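One structure is given here, and the rest of the page talks about it.
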Amino acid sequence: MGARMTALLDVHGLSVTYGGLHAVEDVSLTVGGDAIVGLIGPNGAGKTTMIDALCGFVPHALGAISLAGRRIDHLPAHERARAGLVRTFQSVELFDDITVSENLLVAAHRPQWWSSLVDAVAPRRSSRSLDVDFALEMVGMESVAEMRPPELAHGQRRLVGVARALASHPKLLLLDEPAAGLDPSETAALGAVLRSLAAADIGVLLVDHDMSLVFDVTDELTVLDLGRVIASGPTATVKDDPAVVAAYLGGGT
Ligand SMILES: Nc1ncnc2c1ncn2[C@@H]1O[C@H](COP(=O)(O)OP(=O)(O)OP(=O)(O)O)[C@@H](O)[C@H]1O
Ligand SMILES: [Mg+2]
103 MGARMTALLD
113 VHGLSVTYGG
123 LHAVEDVSLT
133 VGGDAIVGLI
143 GPNGAGKTTM
153 IDALCGFVPH
163 ALGAISLAGR
173 RIDHLPAHER
183 ARAGLVRTFQ
193 SVELFDDITV
203 SENLLVAAHR
213 PQWWSSLVDA
223 VAPRRSSRSL
233 DVDFALEMVG
243 MESVAEMRPP
253 ELAHGQRRLV
263 GVARALASHP
273 KLLLLDEPAA
283 GLDPSETAAL
293 GAVLRSLAAA
303 DIGVLLVDHD
313 MSLVFDVTDE
323 LTVLDLGRVI
333 ASGPTATVKD
343 DPAVVAAYLG
353 GGT
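All residue numbers for the sequence shown refer to our numbering, where the first residue is 103 and numbers rise by one.
Printed below as a string of structure tokens:
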């Protein structure tokens, strides 16, 4: 998309303070509708806090957040999710005693107009189960739909976590360390999934410590250290930035 078009996500001057600690300080970034943007930084840099603040889980965040040109920073978390801003969590929290499909059904919701359309075209299938099928297909996990989470490998569970977020048809997906604990082939599969999301016009903000994944799939990168942006721009440029290299060599990652 052209850089001058309205960004899907536009964040300006986001700050979060916990007691005296500036967990996130004056951070601005944009994500295009078909882009994968990386948000990286050493442990404690403020990445999860950023995601929490964007989603409305932090009560006293400051700054302007717009989704598709509409301010959302005054909205509660569930309304931001309904507007299309959906996250995954650093630890996957699936319900173990129901199937993968049922886990996704819990998350699936659709605008009314879509449900009516699906009912008219396919009266025997609920729009919610179509959402589940869509989400599992996007991550290549259709074959585990009737299994329960404890029966799955760790990498499969993480992809189901991504699918659960997709079941609510996000405009923008915020992923908090989706590659944690994945082996190289699972990480490669995740990378392919992320590219297919961007190709389907779903924006992605990717937080991860796996630099080969981040450098491979992101178009742009913002680097945080101690809550502040120390570099941002095209991935190819930012990854060689001396401040970024120094933060990683000196960081606890
Ligand atoms: N609820 C909270 N209350 C107080 N301090 C917090 C809270 N959440 C995070 N912090 C602090 O804010 C800072 C940023 O933490 P955050 O979890 O956002 O970092 P991160 O970049 O996600 O790190 P990691 O890579 O380890 O996940 C840290 O110093 C952390 O201790
Ligand atoms: Mg974190």
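Cβ atoms here follow ideal geometry from the backbone N, Cα and C, with glycine treated the same way.
As the structure is a prediction and not an experimental result, all values here were calculated from the model.
Give me every residue whose Cβ sits closer than 5 Å to any heavy atom of ligand 1, in chain order.
The answer, residue by residue, is Tyr120, Ala125, Asn145, Gly146, Ala147, Gly148, Lys149, Thr150 and Thr151.
Could you give the distance in angstroms between the alpha-carbon of Ala183 and the alpha-carbon of Phe191?
Against the sequence shown, residue 183 aligns to sequence position 81. Against the sequence shown, residue 191 aligns to sequence position 89. Roughly 14 Å between the two C-alpha positions.
Could you tell me how far apart the beta carbons of Gly143 and Leu274 are, in whole angstroms, since I believe they sit closer than 8 Å?
Within the sequence shown, numbered from 1, the residue matching residue 143 stands at position 41. Within the sequence shown, numbered from 1, the residue matching residue 274 stands at position 172. Not confirmed; about 20 Å, so no contact.
Specify the secondary structure class of Ile174 as computed by DSSP and reduced to three states.
Within the sequence shown, residue 174 is the residue found at index 72, counting from 1. Under the three-state reduction of DSSP, Ile174 is assigned to coil, being neither helix nor strand.
With burial defined as no fewer than 16 other Cβ atoms inside 10 Å of the residue's Cβ, what is the status of Gly335: buried or exposed?
Here residue 335 corresponds to residue number 233 of the sequence shown, with the count starting at 1. Here Gly335 is exposed, its C-beta having fewer than 16 other C-beta atoms within 10 Å.
Per-residue DSSP class, three states only, for Ala247
The residue labelled residue 247 in the question sits at position 145 within the sequence shown. DSSP places Ala247 in coil when its eight states are reduced to three.
How should Val118 be labelled, buried or exposed, when 16 other C-beta atoms within 10 angstroms of its C-beta is the threshold for buried?
Within the sequence shown, the letter at position 16 stands for residue 118. So Val118 ends up on the buried side.
Touching by the beta-carbon criterion (3+ pairs, under 8 Å), the stretch 195 to 207 and the stretch 272 to 286
Counting Cβ pairs under 8 Å, fewer than three are found: no touch.
Euclidean distance between Cα positions of Tyr120 and Asp321
For the purposes of this step, residue 120 is identified with residue 18 of the sequence shown, where counting begins at 1. For the purposes of this step, residue 321 is identified with residue 219 of the sequence shown, where counting begins at 1. Going by the C-alpha atoms only, they are around 31 Å apart.
Is Gln258 near ligand 2 - that is, is its Cβ less than 7 Å away from at least one heavy atom of it?
Residue 258 sits at position 156 when you count from the first residue of the sequence shown. Not a single heavy atom of ligand 2 lies less than 7 Å from the C-beta of Gln258.
Using the Cβ count rule (16 or more neighbours within 10 Å means buried), how would you classify Leu296?
Reading the sequence shown from its first residue, position 194 is the one you call residue 296. Per the 10 Å Cβ criterion, buried.
Shorter than 7 Å, the distance from the beta carbon of Asp278 to the closest heavy atom of ligand 2, or not?
Position 176 of the sequence shown, counting from 1, holds the residue named residue 278. Yes, ligand 2 has a heavy atom inside 7 Å of this Cβ.
By the 10 Å Cβ neighbour count, where 16 or more other Cβ atoms means buried, how is Pro272 classified, buried or exposed?
Within the sequence shown, the letter at position 170 stands for residue 272. Using a 10 angstroms sphere on the CB of Pro272, the tally of other CB atoms reaches 16 or more, which defines it as buried.
So Ala91 is in the beta strand (DSSP E); what residue range does that whole segment cover?
Past the edges of the chain, shown from 103 to 355, lies residue 91, and the structure says nothing about it.
According to the neighbour-count rule (16 or more other Cβ atoms, all chains shown, within 10 Å of its Cβ), is Pro178 buried or exposed?
Reading the sequence shown from its first residue, position 76 is the one you call residue 178. Its Cβ having fewer than 16 others within 10 Å, Pro178 is exposed.
In DSSP terms, what Thr362 is bridged to
Residue 362 lies beyond the range of the chain shown here (103 to 355); nothing can be said about it.
Is it true that the CB of Val234 sits closer than 8 Å to the CB of Ala269?
Your numbering for residue 269 matches position 167 in the sequence shown. Your numbering for residue 234 matches position 132 in the sequence shown. Yes, the pair counts as a contact, with Cβ atoms nearer than the cut-off.
Using the Cα positions of Tyr350 and Leu328, report the straight-line distance between them to the nearest angstrom.
For the purposes of this step, residue 350 is identified with residue 248 of the sequence shown, where counting begins at 1. For the purposes of this step, residue 328 is identified with residue 226 of the sequence shown, where counting begins at 1. So the alpha carbons of these two residues sit roughly 12 Å apart.
Can you confirm whether the stretch 200 to 208 touches the stretch 231 to 247 when touching is taken to mean that 3 or more C-beta pairs between the two stretches lie within less than 8 Å?
Segment contact: the stretch 231 to 247 against the stretch 200 to 208, three or more CB-CB distances shorter than 8 Å; contact assigned.
Could you say which of Ala147, Ile167 and Thr151 lies nearest to Ala109 if we only look at CA atoms?
Taking the sequence shown and counting its residues from 1, the one referred to as residue 109 is at position 7. Relative to the Cα of Ala109, the nearest Cα in the group Ala147, Ile167 and Thr151 belongs to Ile167.
Should Thr337 go down as buried or exposed, given a rule of 16 or more other Cβ atoms within 10 Å for buried?
Within the sequence shown, the letter at position 235 stands for residue 337. Thr337 is buried by the Cβ-count criterion.
Which residues does DSSP pair with Ser168 in a beta bridge?
Numbered from 1 along the sequence shown, position 66 holds the residue referred to as residue 168. According to DSSP, which records beta bridges pairwise, Ser168 is partnered with Asp112 and Arg173.
Reduced DSSP category for Gly293 - H, G, I as helix; E, B as strand; rest coil:
The sequence position of residue 293 within the sequence shown is 191, counting from 1. Here Gly293 carries a helix assignment [DSSP, helix/strand/coil].
Limits of the unbroken alpha helix (DSSP H) element including Leu268:
For the purposes of this step, residue 268 is taken as residue 166 along the sequence shown, with counting starting at 1. Run containing Leu268: His256 to Leu268, per the alpha helix (DSSP H) assignment.
Would you tell me roughly how many angstroms separate the C-alpha atoms of Ala265 and Leu238, rounded to the nearest one?
Within the sequence shown, the letter at position 163 stands for residue 265. Within the sequence shown, the letter at position 136 stands for residue 238. Approximately 6 Å between the Cα atoms of the pair.
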